[in-house]
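Chemist:
Numbering (the working numbering), first residue to last: -15 to 160.
Here it is as structure tokens:
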């Protein structure tokens, strides 16, 4: 039995992150050039990918191995408390990310990628994963730590409703 972090409605379920994400295989860049997302490519204030780098495949960093698709959530496993977390959109489809990211692409249409993004950038998630940090110079968490994280999953209509409501409320915070 899973020890849940907090109560959720009966229609929701607690699941391990690994059970709702496609496996993260190693993906080598192909072609002459490729678009690379590293930690510097993330705006951690707005939680957005700001500028993937265009690199020559011949000069690909050894860490350029994570395939990114539209709807992937990128979560930096290095210093996770800095919240280098972002959602990939159409323009990021086909990019390659650093292995410093846990790249979570929902394995089912019943998981809204924006819901997953909201969960993974929540205080609950970031604080829970920070407990697993190791190292002094560059504290980080492991893929296995991320895989074991618990995520609350409501029915899809509820995911969609919450995502819409959060987007509406965030718009109210935008300066005119």
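Using N, Cα and C, we set each Cβ at its ideal position, and we do this for glycine too.
Drop a sphere of 10 angstroms on the beta-carbon of residue 14, count the other beta-carbons inside from all chains shown, and report buried for 16 or more, exposed for fewer.
Modeler: It is exposed - the Cβ of residue 14 has fewer than 16 other Cβ atoms within 10 Å.
Chemist: Have a look at -7, -14 and 70 and flag the residue whose alpha-carbon is nearest the alpha-carbon of residue 137.
Modeler: Measuring from the Cα of residue 137, the nearest candidate turns out to be -7.
Chemist: Identify, in the order they occur along the chain, each residue of the same chain with its Cβ nearer than 7 Å to the Cβ of residue -14, setting aside the five sequence neighbours on each side.
Modeler: Around residue -14: -2 and 134.
Chemist: Shortest alpha-carbon distance to residue 8 belongs to which of 44, 108 and 56?
Modeler: Ranking 44, 108 and 56 by Cα distance to residue 8 puts 56 first.
Chemist: With a cut-off of 8 Å, do at least 3 Cβ pairs link the segment 14 to 25 to the segment 43 to 62?
Modeler: Short answer: they touch.
Chemist: Could I get the ranges of all uninterrupted beta strand (DSSP E) runs contained in the segment 27 to 58, with 3 residues as the minimum, in chain order?
Modeler: If we require 3 residues or more, the beta strand (DSSP E) runs fully inside the segment 27 to 58 come out as 37 to 40 and 48 to 51.
Chemist: With which residues is residue 19 paired in a DSSP beta bridge?
Modeler: According to DSSP, which records beta bridges pairwise, residue 19 is partnered with 38.
Chemist: Once DSSP output is grouped into helix, strand and coil, what is the label at residue 173?
Modeler: As shown, the chain starts at -15 and ends at 160. That puts residue 173 outside it, with no answer to give.
Chemist: With a threshold of 7 Å on Cβ separation, who are the neighbours of residue 11 within its own chain once the five nearest residues in sequence on each side are excluded?
Modeler: 49, 50, 51 and 80.
Chemist: Given residue 91, which residues of its chain have a CB within under 7 Å of its CB, disregarding the five upstream and five downstream residues?
Modeler: Taken in chain order, the residues that qualify are 4, 5 and 6.
Chemist: Just to check my reading of the structure: residue 117 and residue 123 have Cβ atoms closer than 8 Å, yes? What is that Cβ distance to the nearest angstrom?
Modeler: Confirmed, Cβ separation roughly 4 Å.
Chemist: Just confirm the distance between the C-beta atoms of residue 101 and residue 85, as a whole number of angstroms; I'd bet it's less than 8 Å.
Modeler: Not really, about 13 Å apart at Cβ, beyond 8 Å.
Chemist: On the three-state DSSP scale, how would you describe residue 136?
Modeler: Strand, per DSSP.
Chemist: Indicate whether at least one CB of chain D lies closer than 9 Å to the CB of residue 51.
Modeler: Reference to chain D is not applicable here, since this structure consists of a single protein chain.
Chemist: Would you check if the distance between the CB atom of residue 67 and the CB atom of residue 31 is smaller than 9 Å?
Modeler: Yes. Within cutoff.
Chemist: Which residue wins for smallest C-alpha separation from residue 215, given the options 97, 69, 77 and 61?
Modeler: Because the chain spans -15 through 160 in this model, residue 215 falls outside it and cannot be assessed.
Chemist: Give me the residue from 120, 74, -12 and 139 with the minimum Cα distance to residue 96.
Modeler: The option with the nearest alpha carbon to residue 96 is 139.
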